[in-house]
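Visitor: Sharing a structure, written as structure tokens. Questions coming.
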Amino acid sequence: MKKHSVLVAGGGSTFTPGIVLMLLDNLDRFPIRSLKFYDNDGARQEIVAEACKVLLKEKAPQIEFTYTTDPEVAFTDVDFVMAHIRVGKYPMRELDEKIPLKYGVVGQETCGPGGIAYGMRSIGGVLELVKYMEKYSPNAWMLNYSNPAAIVAEATRVLCPDSKILNICDMPIGIENRMANILGMESRKELEVMYYGLNHFGWWKSITDKNGADMMPALKEYVSKNGYVPPNPEGGQHVEASWNDTFAKAKDVYALDPETLPNTYLKYYLFPDYVVEHSNPEYTRANEVMDNREKQVFTECRKIIELGNSEGCELEVDEHASYIVDLARAIAFNTKERMLLIVENQGAIENFDSTAMVEIPCLVGSNGPEPLRVGSIPQFQHGMMSQQVSVEKLVAEAWTEKSYQKLWQAITLSKTVPSASVAKSILDDLVEANKAFWPELH
Ligand code: NAD
Ligand code: G6P
Ligand code: MN
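In structure tokens, the structure reads:
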């Protein structure tokens with residue numbers, strides 16, 4: 001099997017150690033000859049990288065490992081770029097969440113005004129990664145899960161249409177793991193799903209087992225009572241109380257359209273009043289992550305560096321992230337695996353904007369994704385998606401044209417925002433907070 005060269009962009013991410021451990025666990029399926037980290041915050045990355053260096057020396061000393069803030073060193077001789085950057089890091093996420101809440105509006109990483117603000121920061125960061133990749137390793141593929149994936153995907157569709165970038169999200173995978181658990185199955189891979197929507201904004205329309213038996217009735221029965229809180233909770237990424245509340249709330253989201261099963265993120269659009277009531281404007285998810293995941297990851301990394309070995313190390317293999325290996329394998333070895341990706345609609349959803357970036361099943365091979373046909377979607381989903389895709393397109397246009405007007409329209413159009421005047425107040429605060437990251441708007 002060919003051995004590949006992988007670059008992790010956003011080497012200082014809280015997810016990097018779990019992903020490295022996952023890659024090491026999957027070397028038989030996806031052999032690696034070289035692993036590199038790239039980040040524009042050298043000090044943050046160094047802690048994660050020095051710890052990973054120890055892990056690699058212990059588990060796979062044959063892999064060449066380097067980390068750098070120099071794009072040329074990073075992007076030269078690379079087959080896959082796994083990109084998970086967070087432009088502005090957690091302090092900016094905190095503002096994305098807290099500014100809308102000041103005005104009684106949902107404060108969330110990827111939904112509503114917070115997601116729009118994050119999008120205005122991410123577009124430039126991800127485009128820069130694409131530019132480096134094309135300059136130094138023109139045959140490489142970028143597997144991007146930097147958020148907000150919907151807005152980033154729309155921007156790359158318009159601004160670098162021929163680039164080899166695939167945008168992907170782990171939320172459907174996380175929910176399908178829960179579905180498998182609910183059904184008493186070993187793995188989500190025993191399920192065959194038809195799913196459609198936008199990123200963080202979609203629905204399962206059918207779910208069968210590998211023999212074609214319909215799993216929807218049993219799942220609907222369960223979700224109508226418990227949401228996606230499974231009978232035997234598993235560990236992993238989404239374990240804190242706030243996430244549990246999101247999985248439980250899927251019960252109410254489901255009630256609105258009992259024909260489909262919803263993505264958990266729809267709660268922010270369908271129950272924004274509930275979300276705001278249950279938010280603490282002084283302590284949001286960003287604070288929770290900084291106090292938990294970020295602290296834990298960096299403490300563990302420092303421990304490993306100090307000890308020089310990983311004895312007693314509490315960093316865990318991020319098994320759920322093995323979808324990234326599935327995707328890389330699909331490209332590298334032409335596996336034609338069926339996966340949900342964020343791709344240009346092009347008629348896959350028959351009665352929807354053909355230029356929209358939609359999240360749908362694709363068969364992935366060496367030439368990239370072949371989207372599957374979804375057919376027509378119902379009025380309810382069509383209405384919601386038309387409104388939301390316009391928000392996402394307006395953000396990409398606002399970034400490109402440096403347009404205040406379009407960004408105001410985007411925020412106003414978000415289903416989470418009650419009026420154009422509230423949108424303007426939020427926007428003016430966001431402009432002020434994002435001076436170092438957004439293009440100057442006029
Ligand atoms: P983090 O802040 O811990 O890590 C992000 C890293 O990116 C930081 O080290 C930062 O210095 C670096 N960075 C920022 N701007 C950069 C730039 N322009 N060039 C190079 N590096 C840059 O964040 P995290 O919580 O670990 O999340 C990382 C990203 O992964 C976020 O975008 C998050 O939303 C995303 N994510 C996506 C999914 C998905 O489903 N698509 C799942 C999990 C996480
Ligand atoms: C899910 C989503 C990601 C998002 C993450 C946030 O996995 O699919 O897109 O980044 O949740 O998790 P956090 O723990 O940072 O709030
Ligand atoms: Mn996601």
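In terms of the UniProt record's numbering, the sequence shown opens at residue 1 and continues consecutively.
Ideal Cβ positions, reconstructed from N, Cα and C, are used throughout, including at glycine.
Because the structure is a prediction, the values reported are computed rather than measured.
By the DSSP assignment, the beta strand (DSSP E) with Tyr323 in it spans what residues?
Guide: The residue given as residue 323 occupies position 323 in the sequence shown. No beta strand (DSSP E) holds Tyr323; the alpha helix (DSSP H) holding it covers 322 to 333.
Visitor: Beta carbon of Cys169: closer than 6 Å to some heavy atom of the ligand MN?
Guide: Here the question's residue 169 lines up with position 169 in the sequence shown. Yes, the beta carbon of Cys169 sits closer than 6 Å to at least one heavy atom of the ligand MN.
Visitor: Output the boundary residues of the beta strand (DSSP E) element that contains Gly10.
Guide: For the purposes of this step, residue 10 is taken as the residue at position 10 of the sequence shown. Taken as a continuous stretch (DSSP letters only), Gly10 belongs to no beta strand (DSSP E), as it is neither H nor E.
Visitor: Is the beta carbon of Arg285 within less than 6 Å of some heavy atom of the ligand G6P?
Guide: The residue given as residue 285 occupies position 285 in the sequence shown. Flag set: Cβ of Arg285 near the ligand G6P.
Visitor: If we call anything under 7 Å between Cβ atoms a contact, is Gly104 one with Val275?
Guide: Start at 1 with the first residue of the sequence shown, and residue 104 comes out as number 104. Start at 1 with the first residue of the sequence shown, and residue 275 comes out as number 275. Contact flag unset, no.
Visitor: Take residue 457 as the anchor and find which of Gln405, Ile426, Met385, Gly375 has the nearest alpha-carbon.
Guide: The shown model of the chain, from 1 to 442, leaves out residue 457, and the question about it has no answer.
Visitor: Does the Cβ of Val239 lie closer than 6 Å to at least one heavy atom of the ligand G6P?
Guide: Position 239 of the sequence shown, counted from the start, is the residue given in the question as residue 239. No.
Visitor: In three-state terms, what does DSSP make of Ser206?
Guide: As a working note, residue 206 is residue 206 in the sequence shown. The answer is strand: DSSP assigns Ser206 an E or B state.
Visitor: Determine, using beta carbons only, whether Ser137 and Val78 come nearer to each other than 7 Å.
Guide: Counted from its first residue, the sequence shown places residue 137 at position 137. Counted from its first residue, the sequence shown places residue 78 at position 78. Cβ atoms of Ser137 and Val78: closer than 7 Å.
Visitor: Can you tell me whether Lys36 is buried or exposed, with buried defined as 16 or more other CB within 10 angstroms of its CB?
Guide: Position 36 of the sequence shown holds residue 36. It is buried - the Cβ of Lys36 has at least 16 other Cβ atoms within 10 Å.
Visitor: Using DSSP's beta-bridge definition, name the partner residues of Pro233.
Guide: Sequence index remark: in the sequence shown, residue 233 carries index 233 (1-based). Answer by DSSP bridge pairing: none, since Pro233 is not bridged.
Visitor: Can you tell me whether Ala433 is buried or exposed, with buried defined as 16 or more other CB within 10 angstroms of its CB?
Guide: Numbered from 1 along the sequence shown, position 433 holds the residue referred to as residue 433. So Ala433 ends up on the buried side.
Visitor: Does the region 57 to 77 touch the region 20 to 39, meaning 3 or more C-beta pairs lie closer than 8 Å?
Guide: Taking 8 Å as the limit for Cβ pairs, the verdict is that the region 57 to 77 does touch the region 20 to 39.
Visitor: Rank Trp204, Asn147, Gln346 by C-alpha distance to the C-alpha of Leu261 and give the top, closest one.
Guide: Residue numbering aside, residue 261 sits at position 261 when the sequence shown is read from its first letter. Among Trp204, Asn147, Gln346, the Cα nearest to that of Leu261 is on Trp204.
Visitor: Could you tell me if Pro272 is buried or exposed, where buried requires 16 or more neighbouring beta carbons within 10 angstroms of its beta carbon?
Guide: The sequence position of residue 272 within the sequence shown is 272, counting from 1. So Pro272 ends up on the buried side.
Visitor: Please determine whether the Cβ atom of Val289 lies at a distance below 6 Å from any heavy atom of the ligand G6P.
Guide: Position 289 of the sequence shown, counting from 1, holds the residue named residue 289. For the ligand G6P, at least one heavy atom lies less than 6 Å from the Cβ of Val289.
Visitor: Considering just the uninterrupted stretch of the alpha helix (DSSP H) at Phe75, what are its terminal residues?
Guide: On the sequence shown, residue 75 is found 75 positions in, with the first residue counted as 1. Counting along the chain, the alpha helix (DSSP H) containing Phe75 begins and ends at 71 to 75.
Visitor: Determine the direct distance from the alpha carbon of Asp245 to that of Ser224, and round the result to whole angstroms.
Guide: The residue given as residue 224 occupies position 224 in the sequence shown. The residue given as residue 245 occupies position 245 in the sequence shown. Near 15 Å, if we compare the C-alpha coordinates of Asp245 and Ser224.
Visitor: Going by the CB atoms, is the gap between Thr264 and Gly107 shorter than 7 Å?
Guide: Here residue 107 is taken as the residue at index 107 of the sequence shown, counted from 1. Here residue 264 is taken as the residue at index 264 of the sequence shown, counted from 1. Not in contact: Gly107 and Thr264 (Cβ atoms no closer than 7 Å).
Visitor: Using the three-state DSSP reduction, which class does Ala248 fall into: helix, strand or coil?
Guide: As a first step, residue 248 is located in the sequence shown; it is residue number 248 there, counting from the start. It is helical.
Visitor: If the criterion is Cβ atoms closer than 7 Å, does the pair Ile116 and Val395 meet it?
Guide: Taking the first residue of the sequence shown as 1, we reach residue 116 at position 116. Taking the first residue of the sequence shown as 1, we reach residue 395 at position 395. Yes, the pair counts as a contact, with Cβ atoms nearer than the cut-off.
Visitor: Rank Val343, Tyr145, Leu55 by C-alpha distance to the C-alpha of residue 443 and give the top, closest one.
Guide: The requested residue 443 is not part of the displayed model; the chain covers only 1 to 442.
Visitor: Should Asp326 be listed as close to the ligand NAD, given that the test is whether its C-beta is under 6 Å from any heavy atom?
Guide: Residue 326 sits at position 326 when you count from the first residue of the sequence shown. Incorrect: Asp326 has no Cβ contact closer than 6 Å to the ligand NAD.
Visitor: What are the start and end residues of each continuous beta strand (DSSP E) run of 3 or more residues lying completely inside the region 66 to 150, in chain order?
Guide: Correct list: 80 to 83, 141 to 144.
Visitor: Can you look up Arg33 in the DSSP assignment and give me helix, strand or coil?
Guide: For the purposes of this step, residue 33 is taken as the residue at position 33 of the sequence shown. Three-state result, Arg33: strand.
Visitor: Considering only their Cβ atoms, is the gap separating His84 from Phe15 smaller than 7 Å?
Guide: What you label residue 15 is simply residue 15 of the sequence shown in a count that begins at 1. What you label residue 84 is simply residue 84 of the sequence shown in a count that begins at 1. Against a cut-off of 7 Å, the Cβ pair of His84 and Phe15 comes out as a contact.
Visitor: Just how far apart, CA to CA, sit residue 447 and Ile377?
Guide: Outside the shown range of the chain (1 to 442) lies residue 447, about which nothing can therefore be said.
Visitor: To the nearest angstrom, report how far apart Val73 and His320 are at their CA atoms.
Guide: Counted from its first residue, the sequence shown places residue 73 at position 73. Counted from its first residue, the sequence shown places residue 320 at position 320. Using only the alpha carbons, I get a separation of about 30 Å.
Visitor: Determine the closest residue to Cys52 out of Trp399, Glu316, Glu392, with distance taken between C-alpha atoms.
Guide: By 1-based counting over the sequence shown, the position of residue 52 is 52. Selected option, being the one with the closest Cα: Glu316.
Visitor: Tell me whether Glu94 is buried or exposed, calling it buried when 16 or more other Cβ atoms sit within 10 Å of its Cβ.
Guide: Counting from one through the sequence shown, the residue named residue 94 turns up at place 94. It counts as buried.
Visitor: Could you tell me the alpha carbon to alpha carbon distance between Phe75 and Ser187, rounded to whole angstroms?
Guide: Walking along the sequence shown from the start, residue 75 turns up at place 75. Walking along the sequence shown from the start, residue 187 turns up at place 187. Taking the straight line from one Cα to the other gives about 35 Å.
Visitor: Rank Ala436, Glu440, Val389 by C-alpha distance to the C-alpha of Pro91 and give the top, closest one.
Guide: Taking the sequence shown and counting its residues from 1, the one referred to as residue 91 is at position 91. For Pro91, the nearest C-alpha among the options comes from Ala436.
Visitor: In the structure shown, what three-state DSSP assignment does Asn181 receive?
Guide: On the sequence shown, position 181 is the one that residue 181 refers to. If DSSP states are grouped into helix, strand and coil, Asn181 belongs with the helices.
Visitor: Let's see if you can read the secondary structure: which residues bound the beta strand (DSSP E) around Val193?
Guide: Here the question's residue 193 lines up with position 193 in the sequence shown. 191 to 198 is the extent of the beta strand (DSSP E) around Val193.
Visitor: Could you tell me the alpha carbon to alpha carbon distance between Ile304 and Glu46, rounded to whole angstroms?
Guide: As a working note, residue 304 is residue 304 in the sequence shown. As a working note, residue 46 is residue 46 in the sequence shown. When rounded, the distance between both Cα atoms is 13 Å.
Visitor: To the nearest angstrom, how far is it from the Cα of Leu143 to the Cα of Leu127?
Guide: Here residue 143 corresponds to residue number 143 of the sequence shown, with the count starting at 1. Here residue 127 corresponds to residue number 127 of the sequence shown, with the count starting at 1. Cα-Cα distance, rounded: 13 Å.
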